[in-house]
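Undergrad:
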Amino acid sequence: MTTQPQPGVPLVSGAAGKGFSSFTRRHPLPVFYLLAFFISWGGMAAILSAGHLTVTWAAAALPAGPAAAGVSLTALLYGRTGLRELGTRLRQWRVGPRWYLFALLTGPIVMATTAALVSMMFPGYYAGTTTLEGTAAIILGGLLVGLAVGILEELGWTGFALPRLRRRYGILLTGLIMALLWGTWHYPMFADSTDPSGAMPNAVIVAVFLFAWLPPFRVLMVWVYDRTGSLPLAMLMHAPLSAGAFINSFMASGTATGMAVLMPALLWGAAFWTIVAVVFLVKARRLRDANP
Numbered sequence: 002m003t004t005q006p007q008p009g010v011p012l013v014s015g016a017a018g019k020g021f022s023s024f025t026r027r028h029p030l031p032v033f034y035l036l037a038f039f040i041s042w043g044g045m046a047a048i049l050s051a052g053h054l055t056v057t058w059a060a061a062a063l064p065a066g067p068a069a070a071g072v073s074l075t076a077l078l079y080g081r082t083g084l085r086e087l088g089t090r091l092r093q094w095r096v097g098p099r100w101y102l103f104a105l106l107t108g109p110i111v112m113a114t115t116a117a118l119v120s121m122m123f124p125g126y127y128a129g130t131t132t133l134e135g136t137a138a139i140i141l142g143g144l145l146v147g148l149a150v151g152i153l154e155e156l157g158w159t160g161f162a163l164p165r166l167r168r169r170y171g172i173l174l175t176g177l178i179m180a181l182l183w184g185t186w187h188y189p190m191f192a193d194s195t196d197p198s199g200a201m202p203n204a205v206i207v208a209v210f211l212f213a214w215l216p217p218f219r220v221l222m223v224w225v226y227d228r229t230g231s232l233p234l235a236m237l238m239h240a241p242l243s244a245g246a247f248i249n250s251f252m253a254s255g256t257a258t259g260m261a262v263l264m265p266a267l268l269w270g271a272a273f274w275t276i277v278a279v280v281f282l283v284k285a286r287r288l289r290d291a292n293p
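Here it is in structure tokens:
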């Protein structure tokens, strides 16, 4: 547990009184998450109710939730001072090159390696496209979606929620709490995920898609932010993960059944948890060396 001040958390006393503003000052995190879920899920439901769009396209409304909740609560709680401080954090680009390499390459390397393994284990899992232009369009679309999603989501998750959780909890527990809520927040995107053969229950598929790999990656994101204090770096770390998931979904043939349906997410999770273990083992060794 840590009690040290964290970037992005101006110290505001719990104001007495009644009303939404006073309640929010006393309970900023619950209000933030409730507001983020309401905006995201409500926006997606409104788009779907209007017809014409599939769940995949309606999900474009989801990232607006954490961004809008984070910025609006920052303005409500801290006014112009808080918004200026948020702007300052958005300009925090000066971190070591190794952090950029880790943030930008961890997700893509894991996902590309996994795709190669899945292709060998389950030939035909990836249908690909018939043209080079089609493949390029999917990759470009993934990059654009990933960048937009990374910026909007982390404006709320890392910009608002993470520093407040880190004032109370360590890196691992902060990451796990955020990941549980983060995965749940994604539920509408994966609620209809099925196994074409019916062999794998829907509940298992959804649970694996949401919680097999997002928790370890969020722990890594918390660790990177803890070491750098860079909000843009968090956005850049999120972007290739979303891009990779987008590309994977569009390149998949949709004919996989049984364990093949789960394999990419399970392998992502195994790889990310391995990286988490290495990070914490190295950290523990350095602490022992510094305090023999």
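Heads up: the sequence shown begins at 2 in our numbering, then just goes up one per residue.
The C-beta atom is built at its ideal place from N, Cα and C for all residues, glycine as well.
(1) Please look up how many angstroms separate the CB atoms of I48 and G66, rounded, as I've assumed it's under 8 Å.
(2) Would you decide whether H53 is buried or exposed? Buried here means 16 or more other CB atoms lie within 10 Å of its CB.
(3) Return the chain-ordered list of same chain residues with a C-beta closer than 6 Å to the C-beta of V223, the five sequence neighbours on each side being excluded.
(4) Does the separation of the CB atoms of R247 and V146 fall below 9 Å?
(5) Could you have a look at Y34 and say whether DSSP puts it in helix, strand or coil?
(6) Between A128 and the rest of its own chain, which residues show a CB-CB distance below 6 Å, the 5 nearest in sequence each way excluded?
(7) Among L36, E134, M45, L263, which one has its Cα closest to the Cα of A1?
(8) Counting Cβ pairs, one atom from each stretch, are 3 or more of them under 8 Å apart for the region 65-82 and the region 91-100?
(9) Which runs of the alpha helix (DSSP H), 4 residues or longer, sit entirely within the region 88-135?
(10) Suppose the cutoff is 6 Å on Cβ atoms and the five residues either side in sequence are ignored; what does the same chain contact list for V32 look like?
(11) Of the choices V72, V96, M190, whose alpha-carbon is the least far from that of G88?
(12) Closest by CA to S120, which one among V279, T229, L268?
(13) Using the three-state DSSP reduction, which class does A16 fall into: helix, strand or coil?
(14) Check whether the Cβ atoms of A70 and L36 lie closer than 9 Å to each other.
(15) Can you list the alpha helix (DSSP H) stretches of 4 or more residues lying completely in the region 160-197, in chain order?
(16) Report all residues from its chain with a CB closer than 7 Å to the CB of M236; omit the five preceding and five following residues, and keep chain order.
(17) Would you report the Cα separation of L215 and F191, rounded to the nearest angstrom?
(18) I110: buried (16+ other C-beta within 10 angstroms of its C-beta) or exposed?
(19) Going by DSSP in three states, A200 sits in which element: helix, strand or coil?
(20) Per DSSP, A285 is paired with what?
TA: So, to answer that:
(1) Actually they do not touch by this definition, with Cβ atoms about 13 Å apart.
(2) exposed
(3) I172, T175, G176
(4) In the sequence as displayed, the identity of residue 247 is Phe instead of Arg. Against a cut-off of 9 Å, the Cβ pair of V146 and F247 comes out as a contact.
(5) Note: Y34 maps to helix in three-state DSSP.
(6) Hits under 6 Å: S254.
(7) In the structure displayed, the chain extends from 2 to 293; residue 1 sits before or after that span and is not available.
(8) No, because fewer than three Cβ pairs between the region 65-82 and the region 91-100 fall closer than 8 Å, the two stretches do not touch.
(9) 98-122
(10) T25
(11) V72
(12) Per the Cα distances, L268.
(13) For A16, the predicted model reports a pLDDT of 48, less than 50, meaning its position is unreliable; a value from the coordinates is still stated below. In the structure shown, A16 sits in coil (DSSP, three-state: anything other than H, G, I, E or B).
(14) yes
(15) The qualifying runs are 163-167, 172-186, 188-191.
(16) So the list reads G151, I152, E155, once near-sequence residues are dropped.
(17) 13 Å
(18) exposed
(19) coil
(20) According to DSSP, which records beta bridges pairwise, A285 is partnered with nothing at all.
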